[in-house]
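Residues 253 to 752 (this note's numbering) are what the sequence shown spells out, left to right.
Glycine is no exception: its CB is placed at the ideal position from the N, C-alpha and C atoms.
Small disclaimer: the values here were computed from a predicted structure and weren't measured.
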Amino acid sequence: MVARKNVPRDHGFLGHIRRLGKAMIYGRRGRARSLEFGSIGQDARRSIHLLATGIVLAVVLLAPFPLASVEWRWIALWGILLAASTPFLDYSRISRTQMRVLAVVLAASAVLIGYMLLQTTGIGLLPEHRLFTETRAILNEPVQGYASVTPAQSRLISGGFALAVLAFTASFVAGSNPRTARNFLIAIMLMGILNGCLGAYFFYSDPQQLLWITFDVPKGQPSGTFVSRNHAVTLFASSTAAYFAIALQRVLAAVPRGAMPLKSRLLIMALNNPPQIGLPLMLFIVGLALTFATGSRGGLLALLAGLFTAYLLVLIRVAGLRLGTALAVAGSFLGIGFLSQVGMGAIGERFSEMRLGEDGRAEIYKVMFKMIADSPWTGFGIGSFEFALPQYRPSTISPRMIWDYAHSSPLQLIVELGIPAALLGFAILVGVVLVCIRGALIRKRDSDLPLIGASIGMVGLTHALIDFSLQIPGFMLVYASVLGAAAAQSFRHETHKSPL
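Below, the structure is given as structure tokens:
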């Protein structure tokens, strides 16, 4: 009997790439094949899926770093990469339930983006804004009317919304694989902490420098790779809330049941599971420090909302408490955490110095209600708030303050889109977060994945009420990707094959 030689097998990603060329030309039996996608072997298809998934993850992880990707060249680059990679993702794991949810989100998003683009056309399906009528009367010349005050700006902003939908779709499809979804969420959470640490390094080495770019005005607090701390804090708070959710779920699940004293149970838990519990706790503490270092009041409120959601869901899911008891305990936790932080540090100083309307937000909110009353159904056009505000801006607001955003995404969306379309946008976002909350309660395995999505979802929703972080591409892409991967894992496993 002749002994077979131990020939090393070609494993890993590079091995898949090397076999890709062979599979495209030769079949399993060595016969030549045509260069059609359907003729590519299983290894080749796996390599393509892996490459496409890697591109999607790279886009999401890199989006916050070039100063939050606020420039349109970055938005165009991320859009091209996502559009090129999404068709080559692995769709074989999507169940019928997941497909129905994704179809509903895509259909509603298509209607919303179509309405945004319809505001920029003058075909008469939407009534033109009264500003064009007044302009024709003043100039006594024919002027093309639109529903949007600034059609060109509206087209650009609608592209940003389409990019968020594309990121959600790509992450949802890739996240239909539980392992991929877990890798996505872990990488995003870790990126948020690393982003904050990088920003802290630049801040404490030179407050006027960020990513080797020198600014005229020194930064007052660390802001990661974001220009504004109010946008960076949502990324830090999201990672912090997610690590808190993971640590709390693992702690409660690892504590032995029985009549053993609490100290003994905690000691057994710590000795048996040090890395699984210690690492999330350590990263939670680091994220907490980064969040507090920004001195953002809105960031603190958003973080507390995320912690409250995680605490409530974990108590209901793991500890088996009734809803009323869980609400009472979680409410006590929320109040204690809020009061303990209000009286200390930079956030406490900002709360103590705060006066109603000191930054003009109260006046701007009043102005927005007037704008909504003037155009409640069709709005001023997406992205037109900055250009429509001057004719409503009162003299009580300092002219030195620039209001390119409304510091309240829901109110700004109503002003720009009108009430019906804005409600559709709210329904899409809140609906996805509710899917994650439901998944955190019903999933038996991998329940931490929708729990992460629910926690981060509440952070983003809360901060959007008082700021515009969801309108910043660097965080918007991350937020959409987290919700996509978490929502894909919010359903019980189905044994039947994918409809695709």
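Check whether residue i and residue j have beta carbons under 9 Å apart
{"i": "E380", "j": "Y398", "result": "yes"}
{"i": "L354", "j": "I346", "result": "yes"}
{"i": "F488", "j": "T543", "result": "yes"}
{"i": "A738", "j": "A706", "result": "yes"}
{"i": "G631", "j": "G670", "result": "yes"}
{"i": "G691", "j": "A422", "result": "no"}
{"i": "G463", "j": "P318", "result": "Here residue 463 turns out to be Leu, not Gly, going by the sequence shown. The answer is yes: Cβ separation under 9 Å."}
{"i": "L334", "j": "I300", "result": "no"}
{"i": "F720", "j": "Q405", "result": "no"}
{"i": "G448", "j": "V538", "result": "yes"}
{"i": "A304", "j": "T338", "result": "yes"}
{"i": "A336", "j": "H483", "result": "no"}
{"i": "T492", "j": "G558", "result": "yes"}
{"i": "L331", "j": "L415", "result": "It should be pointed out that residue 331 corresponds to Gly in this sequence rather than to Leu. Yes, the Cβ-Cβ distance between G331 and L415 is below 9 Å."}
{"i": "Y644", "j": "K622", "result": "yes"}
{"i": "I616", "j": "H659", "result": "yes"}
Host alpha helix (DSSP H) of residue i (start-end)
{"i": "Q405", "result": "P403 to A426"}
{"i": "F727", "result": "P725 to A740"}
{"i": "H301", "result": "Q294 to L314"}
{"i": "Y563", "result": "R549 to V566"}
{"i": "R345", "result": "Run containing R345: none; DSSP gives neither H nor E here."}
{"i": "P672", "result": "I671 to I694"}
{"i": "F455", "result": "P430 to S457"}
{"i": "L336", "result": "Note on identity: in this sequence residue 336 is Ala, with Leu being the wrong assignment. Taken as a continuous stretch (DSSP letters only), the alpha helix (DSSP H) holding A336 covers W324 to S337."}
{"i": "L319", "result": "No alpha helix (DSSP H) contains L319, which DSSP labels as neither H nor E."}
{"i": "G709", "result": "D700 to I718"}
{"i": "V619", "result": "R613 to D626"}
{"i": "I390", "result": "R382 to L391"}
{"i": "A640", "result": "F637 to A640"}
Residue nearest to residue i in terms of C-alpha spacing, selected from the options
{"i": "N435", "options": "L377, R502, D342 and L701", "result": "L701"}
{"i": "L418", "options": "A499, T714, P527 and V730", "result": "V730"}
{"i": "G550", "options": "I409, M710 and T477", "result": "M710"}
{"i": "S490", "options": "M443, P527 and M534", "result": "M443"}
{"i": "I375", "options": "S400, R388, I666 and T305", "result": "S400"}
{"i": "K618", "options": "P646, W629 and G635", "result": "P646"}
{"i": "G411", "options": "V322, F384 and V357", "result": "V322"}
{"i": "L722", "options": "T492, Q664 and I438", "result": "Q664"}
{"i": "T648", "options": "A614, P662 and L693", "result": "A614"}
{"i": "L675", "options": "I332, H301 and A360", "result": "A360"}
{"i": "V682", "options": "R407, L713 and L693", "result": "L713"}
{"i": "A197", "options": "I529, L555 and Q528", "result": "A question about residue 197 goes unanswered here, because the residues of the chain that appear run from 253 up to 752."}
{"i": "A732", "options": "V685, P394, R388 and G476", "result": "V685"}
{"i": "I666", "options": "L552, Y644, I694 and G633", "result": "G633"}
{"i": "I704", "options": "I694, C688 and L717", "result": "C688"}
{"i": "D626", "options": "L383, F536, F420 and L370", "result": "L383"}
{"i": "A439", "options": "A310, L450 and L302", "result": "A310"}
{"i": "S661", "options": "F637, S650, Q643 and M653", "result": "F637"}
{"i": "S480", "options": "L535, M620, I724 and K696", "result": "I724"}
{"i": "F743", "options": "A545, L446, A679 and S428", "result": "S428"}
{"i": "P403", "options": "E668, H659 and R697", "result": "E668"}
{"i": "V312", "options": "Q501, F454 and L329", "result": "L329"}
{"i": "S699", "options": "P527, Q501 and D342", "result": "Q501"}
{"i": "I327", "options": "L378, F413, R297 and L717", "result": "F413"}
{"i": "L358", "options": "H745, A679 and F454", "result": "A679"}
{"i": "I409", "options": "A433, L437, T372 and L391", "result": "T372"}
{"i": "F340", "options": "R697, P394, R297 and R348", "result": "R297"}
{"i": "L553", "options": "Y343, S344 and A716", "result": "A716"}
{"i": "A497", "options": "P459, L437 and M653", "result": "L437"}
{"i": "M782", "options": "Y456, I445, S457 and V581", "result": "This structure leaves residue 782 out entirely; the chain is present only between 253 and 752."}
Distance between beta carbons of residue j and residue i, contact taken as under 8 Å
{"i": "A494", "j": "M441", "result": "5 Å"}
{"i": "W196", "j": "L641", "result": "Outside the displayed span of the chain (253 to 752) sits residue 196, for which this structure offers no information."}
{"i": "P430", "j": "A452", "result": "At roughly 34 Å, the Cβ-Cβ gap does not stay under 8 Å, so P430 and A452 are not in contact."}
{"i": "Q350", "j": "A740", "result": "6 Å"}
{"i": "L761", "j": "V425", "result": "Residue numbering for the chain in the displayed model covers 253 to 752; residue 761 lies beyond these limits and cannot be assessed."}
{"i": "L693", "j": "I568", "result": "6 Å"}
{"i": "L369", "j": "R325", "result": "Not quite, the Cβ-Cβ distance comes to about 22 Å (not below 8 Å), so this is no contact."}
{"i": "T486", "j": "F727", "result": "6 Å"}
Contact with chain C by residue i, beta-carbon distance below 9 Å
{"i": "L564", "result": "As a matter of chain content, chain C is missing from the structure shown, which is built from one protein chain."}
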